[in-house]
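Start counting the first sequence at 0; every next residue gets the next number (numbering that gives the first Met the number 0).
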Amino acid sequence: MKLEKTYQASQFEDLIYALWEKKEVFQAHPESNKPKFSMAMPPPNETGTLGVHHALFLTLQDIISRHARLKGMDVLWLPGTDHAALAVNSLIEKQLSEQGLNKHQIGREEFLSRTRLFVASSRGTMLSQMRAMGASADWSRLRYTLDDTLVRIVNETFMAMYQKGLIYRGARIVNWDPNLETTVSDDEVEHQLETTKLYYLKFGPFEIATTRPETKFGDKYVVMHPEDKRYLKYKHGDQFTAEWINGQITATVIKDNVIDPEFGTGVMTITPWHSEIDFEIAQRHNLDYEQIIDFHGNLLANCGEFSGMNIREARPKIIDKLTTKNLVIKIDENHQHNLSINSRGGGVIEPQIKLQWFVDVNKPVVEWKGRERSFKEILTDVITEKDIEIIPSRFESTYFNWINNLRDWCISRQIWWGHRIPVWYRQDVDGREEIYCGLTPPTDESEGLRQWQQDPDTLDTWFSSSLWTFSTLINPEIALDYSLSFKDLMKESLDFQKYHPTSILETGWDIIFFWVARMILSTTFMTGEVPFKKVYLHGLVRTSDGKKMSKSRPETIINPIDIINQTGADSLRLALITGVSPGNDQIFSDDKVKAGRNFCNKLWNIARFIEGTLNGVDEEKENVEIISDADHYIASKINHAQSQIIELLDNYNFSEAYDVVYKLVWNDYADWYIEFLKQYPNKSFMVSSFKSILKLVHPFAPFVTEAIWQTLELENDNVLALQEYQELPRSNQNQVRAFEQIKNIVIEARDIVTKTNLTNLTLYFTVNESIKNNSEIIKRLVKLEGVEEVTSGTGFYLTTTTYKAWLDIDKSTILNYLNKLNDLISQSQKAIDLLNNRLNNQDYVNKAPKNLIDQTKADLENNLKYLGNLLEEKKRFSD
RNA sequence: GGGCGAUUAGCUCAGUUGGCUAGAGUAUCUCGUUUACACCGAGGAGGUCAAAGGUUCGAGUCCUUUAUCGCCCACCA
């Protein structure tokens, strides 16, 4: 097939991807004896479509995977999607409310079936988008967090932790989202700075400051610092009466160290049911708790005339009443305050005391490397003992800081979408609660009316995600056989045996706590292994003016599919890895996409040239013959670049690796080797060197490279995606150096031609095989009249080559060039001075490494020789 | 309050154990329609590497301090 003048990505990408799938090139082969490489794809939320940040991680992981395949490894990149309990649940609730409905009206079953319908269609879209980006994942192993197998593993994990006492049920203060009517974990709470009013109120003999007067109904304690001099006359436990919102109350004085005497009046009242800090104070002093606000955000009956009112409308009315009772002292209108909100599309958090399920992070009962440890200890130890490496390493301190502040993980949610908690309750004959925790519902129903009822709650999404690396490797064929224990399942699953622990986890730093840490927690507990040996963290993708992309501001959202449709997936991928570095945010711009597209087109046109030169001669493709100086030169460049690229990619330096690829293709291959081939084609080496080039570019731009590979039929039936890196034949260093001399001659001669505006020049050289062999290419590249061998030359003596060559420029014109010559001389003189100073410095000679000194000497020698040439020229033309 | 990051050419960024006469892409300027490519080719200009001090034969790179911007964690009622 004839290649068109410019590369049209849209004509090829779908076909190429279909070809890869047909040839099953992405499939892992656990039975193979190649070295293994495994990686789990972070499962995207099934909330609709993919964005640029998905494109980024798909690109990075795809490069990692394709690179590993090119190295001859058996690669498993396991894809999947996440049911995203909270995110999807809130989306569906929003849809319902737009139809004037709510979940209670349609009931649990109907709600779940609507949700299933929605996620199924999301999944379809998302999977096709992943393919469009070129993701070389093993689709035959696609997993979903609500698959039967994964549900079983979730239950296995819950049960095992429950039996060890690591999961417990307790009434604790939790983050309650009154909009979604569920608890959320500490990590899901975001703080937003807002300006609010700070009310100073009279409370008995005290003055207190509060931002939330609506919680103050139940306040019957005042707390102050034990050493606050202003209040020394009040003793801990003293009681007093005060006129308050709904009449007179009796209150008690409490002294506690957490109070900051500097803030407000140094006195506060507490509401233990609705504040984390207050709850802790109440626990310390064994105080009473009273609920003021219900789970919808309305005031309860104990608020008298305000009961039933929403807290937002109640606040000003309460202040009005306090004002008329003369209890408001002053109001600070500009108080800076942190508002807690649910980051997963919910409302303002209202702390509540609630009976919930928790994972205990401090109980030292988890067996790890032969010692019983707590989850907190294991989380720390796997990093300090180097079982897991975090890239970049600076995130280790962020991670440790999080562990230090870690509290028990609340895992129960009051939403419907998700993994149901595998716990059943019933009343025993004495009316006490019996609890059953198991993989399947209890079968013992003999007690008549006392039926088992399953816990209505579901689990935090991250509980199931935390099992992702190993739950996805359990063989689904045997997973529902309950005669097998979980240990049996691990043993009988070939994939688990071969691919776990996974080689690396590539993900964003923003989910290091949600996901990375919790994977370590669950996986070490269930399998006795770490989930992965390395973690590579990427940053956020920002808009060209540095803004965060967010769904609430649609103008900041870039749809990767638009870019793919316009310029192709390869250009998108190249744009995303330009300037990417671990842990740092990056800016995405059209310019980068354009640069990527141009690169693809450059490669495409190299292919067109090769196609034209081959002219359908097939037998030329097979023999690798390395002949000319240029062949040796490019072979040495390619081999060198290849070893650099392998090393850079092994260390996840994507941007730098691409930089090496870019220069190799554009500067070495296209600018020099192709130009040379126009004059002296060596079809066999042209093809084999180009094949090497395509392999090196393939991980970055898989579509265009495969499209070229296929259309040129470079390996008949084999796809590029299944090739392996290969060294080209070793090049002869003398020939490499000879070509470099030719390059120098061309570069210098071009420069002179440009500067002097002369045409039709001739290059003279004294007897020299290399120049003779390459005379046509020199003539062509410099656009000379001729290249002639002479016994002694005249004109301008070229200074950058060790060969003897002259350009036939007459004296009067060369004077125009003299300024340039002077520049070169002073530049060269500077370099020589610098090198000389270095070598004259005894400390340098004594302390610097030997090879560096040798290098310096060699540089000096070259510079001196070069300067000599320059000076000789100058002298000749100045006479 | 605790911690982390950034600061290098107009813009976007590389620069991994100190060896740099500091590099790319893009933008800009000059020249060029050479049968792969104008999504191109050749050439040029553009930087006291945020500031100050220190360590060293040698600092963009290591240490200290400061400034500006950004982020994370904790949190004051």
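In this text, a Cβ means the ideal position worked out from N, Cα and C, and glycines have one as well. Quick caveat, the model's predicted, so the values are computed rather than measured.
In the three-state reduction of the DSSP assignment, S411 falls in the strand class, which pools E and B. Residues of the same chain with a CB within less than 8 Å of the CB of V659, apart from the 5 flanking positions on each side, are A640, Q643, I644 and L647 in chain order. Boundaries of the beta strand (DSSP E) harbouring M38: K35 to A39, taken from the DSSP string.
Inclusion of D456 and Q426 in the CB contact set at 8 Å is not warranted, their separation being larger than that value. Rounded to the nearest whole angstrom, the CA to CA distance from W508 to I389 is 10 Å. In the same chain as F394, and ignoring 5 residues on each side of it, the C-beta atoms closer than 7 Å to its own belong to W508, I511, L536 and G582, in chain order. DSSP, read as helix, strand or coil, puts E655 in helix. For D331, no alpha helix (DSSP H) segment is defined; the enclosing uninterrupted segment is the beta strand (DSSP E) at V327 to N341. The C-alpha of L179 is placed about 19 Å away from the C-alpha of S112. The beta carbon of P440 lies closer than 8 Å to those of W423, W451 and Q453 in the same chain, with the five residues before and after it left out.
In terms of Cβ geometry, S570 and L149 do not form a close pair [threshold 8 Å]. P728 has its alpha-carbon roughly 45 Å from the corresponding atom of N558.
Straight-line spacing of the CA atoms in I562 and E705 works out to 20 Å.
Rounded to the nearest whole angstrom, the C-alpha separation of D584 and Q351 is 36 Å. If only uninterrupted beta strand (DSSP E) runs of at least 3 residues are considered, those enclosed by the region 475–508 are 501–507. Counting along the chain, D630 sits inside the alpha helix (DSSP H) bounded by residues D628 to D649. In the three-state reduction of the DSSP assignment, W416 falls in the coil class.
Within the same chain, M132, P559, L571 and L575 come within 7 Å of A54 by CB-CB distance, once the 5 residues on both sides are set aside. The distance from the Cβ of L458 to that of G417 is about 6 Å, consistent with a contact at the 8 Å cut-off. In the DSSP assignment, K254 is bridged to M223. Secondary structure of R171 (DSSP, three-state): strand. DSSP, read as helix, strand or coil, puts T80 in strand.
When secondary structure is reduced to three states using DSSP, E384 falls in the coil class, being assigned neither helix nor strand.
Looking at the backbone, the Cα of E349 and that of F157 are separated by about 27 Å.
Contact between the region 32–41 and the region 68–86 is present: 3 or more CB-CB pairs across the two stretches fall below 8 Å.
If you look at H190, you'll find it in the beta strand (DSSP E) that goes V188 to F202. In this structure, the CA atom of M685 is about 14 Å from the CA atom of W708.
A direct Cα-to-Cα measurement between R140 and Q740 gives close to 55 Å. For the set S120, E332, S37 and D227, the Cα lying nearest the Cα of T194 is the one of E332. Separation of the CB atoms of W356 and I166 is rounded to 6 Å, and the pair is thereby assigned contact status at 8 Å.
Assignment of beta-bridge partners to P260 by DSSP yields no partner.
Taking 8 Å as the cut-off, the beta carbon of P78 is found closer than this to the beta carbon of A136. Residue pairing for E712: DSSP places it in no beta bridge.
Restricted to the region 663–700, the alpha helix (DSSP H) segments that are unbroken, complete and at least 4 residues in length are 674–678 and 682–696, listed in chain order. Distance between P315 and N309, taken at the CA atoms: about 11 Å. With a contact defined as Cβ atoms closer than 8 Å, T800 and N743 qualify at about 4 Å.
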